[in-house]
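Visitor: Structure in structure tokens, see below.
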Amino acid sequence: MTEHIVSPKIYLAIFATLMAGTGITVWAAFQNFGKFNIVIALAIATIKATLVVLYFMHARYSPKRTQLVIVCSVFWLAIMLSLTLADYNTRRHEGRLASATTCYRA
Amino acid sequence: MSNTPPTLVRELPHKHYLNATYGAGLRSWLLTTDHKRIALLYLASVTVFFFIGGVLATMIRIHLLTPGGALVTPETYNKLFTMHGVAMIFFFLIPSIPAVFGNFLIPLMIGAKDLAFPKINLLSWYIYVIGGCFVLYSFGTGGLDTGWTFYTPLSSVYSNSAVTPAVLGIFINGFSSILTGLNFIVTIHTMRAPGMTWFRMPLFVWAHYATSLVMILGTPVVAITLLLAGLERMFHLGFFNPALGGDPILFQHLFWFYSHPAVYIMILPAMGVISEIIPTFARKPIFGYAFIAGSSIAIAVIGFLVWAHHMFVTGESTYAALTFSFLSYLVAIPSAVKVFNWTSTLYKGSISWDPPMIYALGFIGLFVIGGLTGLFLACLGLDIHIHDTYFVVAHFHYIMVGGAVMGYVGGLHFWWPKITGRLYPRSLSRFAAVVLFIGFNLTFFPQFILGYLGMPRRYHTYPPEFQVLNVLSTAGASILALGYLLPMSYLTWSMRYGRVAGPNPWPATGLEWKTDSPPLTENFEVTPVVTWEPYDFKNRPDLGLGTGTPSPAPAHGDD
Numbered sequence: 000m001t002e003h004i005v006s007p008k009i010y011l012a013i014f015a016t017l018m019a020g021t022g023i024t025v026w027a028a029f030q031n032f033g034k035f036n037i038v039i040a041l042a043i044a045t046i047k048a049t050l051v052v053l054y055f056m057h058a059r060y061s062p063k064r065t066q067l068v069i070v071c072s073v074f075w076l077a078i079m080l081s082l083t084l085a086d087y088n089t090r091r092h093e094g095r096l097a098s099a100t101t102c103y104r105a
Numbered sequence: 000m001s002n003t004p005p006t007l008v009r010e011l012p013h014k015h016y017l018n019a020t021y022g023a024g025l026r027s028w029l030l031t032t033d034h035k036r037i038a039l040l041y042l043a044s045v046t047v048f049f050f051i052g053g054v055l056a057t058m059i060r061i062h063l064l065t066p067g068g069a070l071v072t073p074e075t076y077n078k079l080f081t082m083h084g085v086a087m088i089f090f091f092l093i094p095s096i097p098a099v100f101g102n103f104l105i106p107l108m109i110g111a112k113d114l115a116f117p118k119i120n121l122l123s124w125y126i127y128v129i130g131g132c133f134v135l136y137s138f139g140t141g142g143l144d145t146g147w148t149f150y151t152p153l154s155s156v157y158s159n160s161a162v163t164p165a166v167l168g169i170f171i172n173g174f175s176s177i178l179t180g181l182n183f184i185v186t187i188h189t190m191r192a193p194g195m196t197w198f199r200m201p202l203f204v205w206a207h208y209a210t211s212l213v214m215i216l217g218t219p220v221v222a223i224t225l226l227l228a229g230l231e232r233m234f235h236l237g238f239f240n241p242a243l244g245g246d247p248i249l250f251q252h253l254f255w256f257y258s259h260p261a262v263y264i265m266i267l268p269a270m271g272v273i274s275e276i277i278p279t280f281a282r283k284p285i286f287g288y289a290f291i292a293g294s295s296i297a298i299a300v301i302g303f304l305v306w307a308h309h310m311f312v313t314g315e316s317t318y319a320a321l322t323f324s325f326l327s328y329l330v331a332i333p334s335a336v337k338v339f340n341w342t343s344t345l346y347k348g349s350i351s352w353d354p355p356m357i358y359a360l361g362f363i364g365l366f367v368i369g370g371l372t373g374l375f376l377a378c379l380g381l382d383i384h385i386h387d388t389y390f391v392v393a394h395f396h397y398i399m400v401g402g403a404v405m406g407y408v409g410g411l412h413f414w415w416p417k418i419t420g421r422l423y424p425r426s427l428s429r430f431a432a433v434v435l436f437i438g439f440n441l442t443f444f445p446q447f448i449l450g451y452l453g454m455p456r457r458y459h460t461y462p463p464e465f466q467v468l469n470v471l472s473t474a475g476a477s478i479l480a481l482g483y484l485l486p487m488s489y490l491t492w493s494m495r496y497g498r499v500a501g502p503n504p505w506p507a508t509g510l511e512w513k514t515d516s517p518p519l520t521e522n523f524e525v526t527p528v529v530t531w532e533p534y535d536f537k538n539r540p541d542l543g544l545g546t547g548t549p550s551p552a553p554a555h556g557d558d
């Protein structure tokens with residue numbers, strides 16, 4: 000399998016983008032976007048992580064099977080997060096079930 | 000079925016992996032990259048942890064002989080069951096079949112010379128040993144009293160025992176598991192011999208492929224989770240401690256995201272072992288090959304969706320509990336597919352009662368009981384009654400000991416002739432299998448009743464009316480111990496004095512039986528070309544079956 004050579008220009012461009020992302024993260028941390036604070040921080044972090052995986056880890060130039068493995072692992076992370084949040088996000092509805100689950104909680 | 004005494008005196012091959020000339024003595028073992036030798040390094044190390052866990056279990060059972068506790072203080076009792084769980088789960092059950100038999104057999108079964116990354120394979124063993132040393136250090140310097148589940152904030156704040164080295168040890172050991180899984184997946188994808196298509200692979204290999212997926216996808220989560228608990232303990236960072244802004248239930252979610260699938264890391268390889276033994280001793284192609292292969296993958300995938308059934312009474316929302324209860328029932332389907340296919344394979348088979356077969360049949364019975372009682376626990380209403388009782392203890396021991404350890408010991412008997420080149424005494428080994436089965440049931444069946452009657456797990460005392468069942472359980476544990484000591488004794492004896500087995504003593508159909516016993520370092524002199532379907536006894540004249548001539552090497556004809 001031949002190794003793909005990435006030009007220094009691309010590496011520098013990605014590095015600059017990552018630094019800019021860090022700058023935006025720091026700037027955003029001092030602003031108040033209400034409940035979007037966490038959304039913005041995570042969105043920037045996700046974009047930066049994606050760039051690292053695609054270019055620094057060469058995922059963009061890897062065989063399809065390697066890319067499938069990466070997508071699967073992200074999917075598994077999504078399973079972990081979504082099913083965990085299925086617990087946290089439904090606790091506020093508990094009151095409606097209170098009478099039916101008195102015994103359950105006792 | 001009685002076998003005719005052999006007329007042929009066999010000898011071990013002159014050159015094999017055990018007497019290969021590279022290096023000398025201990026050095027040739029500690030620096031080996033041969034998957035078979037690394038498997039034996041693992042065999043020795045997991046046996047050490049099995050002994051440690053076994054001694055701790057024995058002390059627990061002796062303590063519970065009397066209602067007030069006969070042996071140790073309450074604090075020490077907490078440490079006994081915690082250290083028993085940690086030693087057995089993280090350092091025996093999880094690595095046992097994959098790291099010993101998976102390492103030894105996967106390259107042989109698919110016709111490869113070694114695993115894809117031999118040096119990483121050796122590295123995984125060293126990581127296991129380093130992780131093990133951390134945990135043993137924890138055991139020796141104050142012990143561990145949090146339960147093997149390390150629930151926070153007990154583990155991260157309140158426990159006075161040596162939690163930090165233990166969680167570091169398990170964190171380190173996780174990398175061993177990840178590297179083993181990675182090695183297996185790459186090997187199975189890229190190193191199959193010509194003609195060894197995916198659907199010609201032995202089901203043992205399919206089971207290990209599924210297991211490897213769980214190892215790679217799950218282990219990082221538990222490793223990081225335990226590290227976070229350690230960081231909270233050492234540096235008071237708030238992850239799980241409510242006083243520091245953390246959430247204790249989050250620990251349970253993250254812990255069980257791995258630790259429930261970890262049950263499938265233990266049982267799937269054992270199922271792979273059973274899928275090899277059953278057709279061999281029923282002399283029949285396995286029933287429903289594709290379904291058994293697919294059910295391994297299904298168990299690995301669905302196994303990731305059920306974790307919060309461990310948390311029905313620890314504060315998760317009722318909606319989530321309902322979802323996880325439903326998903327937990329689903330995992331019974333692929334498990335049942337396997338059991339029905341194994342029993343269908345037995346139907347009209349030409350069954351011989353060789354020792355591995357007795358272990359395999361024992362596995363099926365015990366796994367069925369363990370699996371069905373798992374459905375009781377997945378039921379939301381019933382789980383309220385039996386949560387954290389001895390019912391749970393009995394259930395998971397039926398899966399992990401009745402299932403995984405029976406599979407391990409059965410596999411040991413099945414492949415011992417391949418590993419060492421020698422056979423063990425047949426009658427004694429059949430007797431040991433029966434002793435193990437009886438001892439196991441006597442130990443753990445009373446615990447179902449105890450749990451249903453309300454005896455909580457992890458308590459060092461109990462009301463006097465529970466004593467009869469506890470005494471029965473302890474008596475069973477003594478028989479069970481004999482059931483383990485017997486194979487250890489005669490298998491060790493056989494390494495020197497056992498009759499030479501020949502390449503294929505049973506005979507079985509896998510590629511591993513087409514090379515010498517013990518095999519060459521390179522496994523095969525010539526890369527094999529596979530032209531037959533799996534478990535096909537009819538079109539394999541090389542097995543010496545179905546032609547009216549006796550098997551070339553009847554197993555165990557000498558006693």
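Chain order of the listed sequences is A and B. The first sequence: position 20 = 19 (numbering that gives the first Met the number 0), numbered continuously. The second sequence: position 284 = 283 (numbering that gives the first Met the number 0), numbered continuously. In this text, a Cβ means the ideal position worked out from N, Cα and C, and glycines have one as well.
1) Across the segment 331-343 of chain B and the segment 359-373 of chain B, are there enough close Cβ pairs to call them in contact, namely three or more that are closer than 8 angstroms?
2) Distance check for residue 250 of chain B and residue 224 of chain B, CA to CA, integer angstroms please.
3) Can you name the residues of chain A whose CB is closer than 7 angstroms to the CB of residue 216 of chain B?
4) Short of 6 angstroms in beta carbon distance, which residues of its chain neighbour residue 479 of chain B, apart from the five on each side in sequence? Order them along the chain.
5) Taking only runs that begin and end inside the segment 195-254 of chain B, name each unbroken alpha helix (DSSP H) of 4 or more residues, in chain order.
6) Taking a Cβ distance cut-off of 7 angstroms, strictly less, list which residues of the segment 314-340 of chain B are near chain A, in chain order.
7) Counting Cβ pairs, one atom from each stretch, are 3 or more of them under 8 angstroms apart for the segment 13-33 of chain B and the segment 519-532 of chain B?
8) Quick check on residue 455 of chain B: does DSSP put it in helix, strand or coil?
9) Can you say whether residue 113 of chain B is buried or exposed, counting buried as having 16 or more other CB atoms within 10 angstroms of its CB?
10) Should the segment 171-185 of chain B be called in touch with the segment 230-247 of chain B, which here means at least 3 C-beta pairs below 8 angstroms?
11) Can you list the residues of chain A that residue 309 of chain B reaches, using a CB-CB cut of under 8 angstroms?
12) Closer than 7 angstroms between beta carbons: that is the criterion. Which residues of the segment 386-404 of chain B meet it against chain A?
13) Going straight from the alpha carbon of residue 95 of chain B to that of residue 180 of chain B, what length do you get?
14) Could you check whether the Cβ of residue 101 of chain A sits closer than 8 angstroms to any Cβ belonging to chain B?
15) Considering only residues of the same chain and omitting the five flanking positions on each side of residue 432 of chain B, which have a CB-CB separation below 7 angstroms?
16) Could you compute how far the alpha carbon of residue 32 of chain A sits from the alpha carbon of residue 48 of chain B?
17) Between residue 81 of chain A and chain B, is there a C-beta pair that is closer than 8 angstroms?
18) Compare the C-beta of residue 107 of chain B against all C-beta atoms of chain A and say whether one is closer than 8 angstroms.
19) Around the Cβ of residue 56 of chain A, are there at least 16 other Cβ atoms within 10 angstroms (buried) or fewer (exposed)?
20) List the residues of chain B whose Cβ lies closer than 8 angstroms to the Cβ of residue 78 of chain A, in chain order.
21) Please report the distance separating the alpha-carbon of residue 109 of chain B from that of residue 282 of chain B.
22) Could you list which residues in chain B have their beta carbon closer than 7 angstroms to that of residue 89 of chain A, in chain order?
23) Apply the 10 Å Cβ neighbour rule to residue 67 of chain B and answer buried if 16 or more other Cβ atoms are within range, or exposed otherwise.
24) Does any residue of chain B have a CB that is nearer than 8 angstroms to the CB of residue 58 of chain A?
25) Rounded to whole angstroms, what's the CA-CA distance from residue 384 of chain B to residue 314 of chain B? Just pull it up for me.
26) Could you check whether the segment 401-417 of chain B touches the segment 486-501 of chain B, counting it as contact only if at least three pairs of C-beta atoms, one from each stretch, sit closer than 8 angstroms?
27) On the three-state DSSP scale, how would you describe residue 552 of chain B?
28) Taking all protein chains shown into account, decide if residue 6 of chain A is buried (16 or more other Cβ within 10 angstroms of its Cβ) or exposed.
29) Could you compute how far the alpha carbon of residue 462 of chain B sits from the alpha carbon of residue 72 of chain B?
30) Just to make sure I have the definition right: I need the residues of chain A whose C-beta is within less than 9 angstroms of the C-beta of residue 256 of chain B. Which are they?
31) When you compare only the Cα positions, how much space is there between residue 116 of chain B and residue 182 of chain B?
32) Can you pull the chain A residues whose beta carbon is under 8 angstroms from the beta carbon of residue 220 of chain B, in chain order?
33) Looking only at DSSP bridge pairs, what is residue 522 of chain B linked to?
34) With respect to the alpha helix (DSSP H) encompassing residue 35 of chain B, which residues constitute its N-terminal and C-terminal limits?
35) When the Cα atoms are used, what is the spatial distance from residue 118 of chain B to residue 192 of chain B?
36) Give me the subset of the segment 240-264 of chain B whose CB atoms are less than 7 angstroms from a CB atom of chain A, sorted by chain position.
Guide: With the given structure in hand:
1) yes
2) 7 angstroms
3) 72, 75
4) 438, 439, 442
5) 202-234
6) 315, 316, 317, 318, 319, 322
7) yes
8) strand
9) buried
10) no
11) Simply none; closest approach about 12 angstroms.
12) none
13) 13 angstroms
14) Low confidence applies to residue 101 of chain A: its pLDDT is 45, below 50, so where it sits in the model is not reliable enough to give any reading.
15) 354, 357, 358, 361
16) 54 angstroms
17) no
18) no
19) exposed
20) 303, 304
21) 21 angstroms
22) 316, 318, 319
23) exposed
24) no
25) 16 angstroms
26) yes
27) With a pLDDT of 46 at residue 552 of chain B, under the threshold of 50, the modelled position of that residue is not reliable, and no figure is offered here.
28) exposed
29) 17 angstroms
30) 78, 79, 82, 83
31) 6 angstroms
32) 79
33) B:519
34) 34-62
35) 21 angstroms
36) 252, 256
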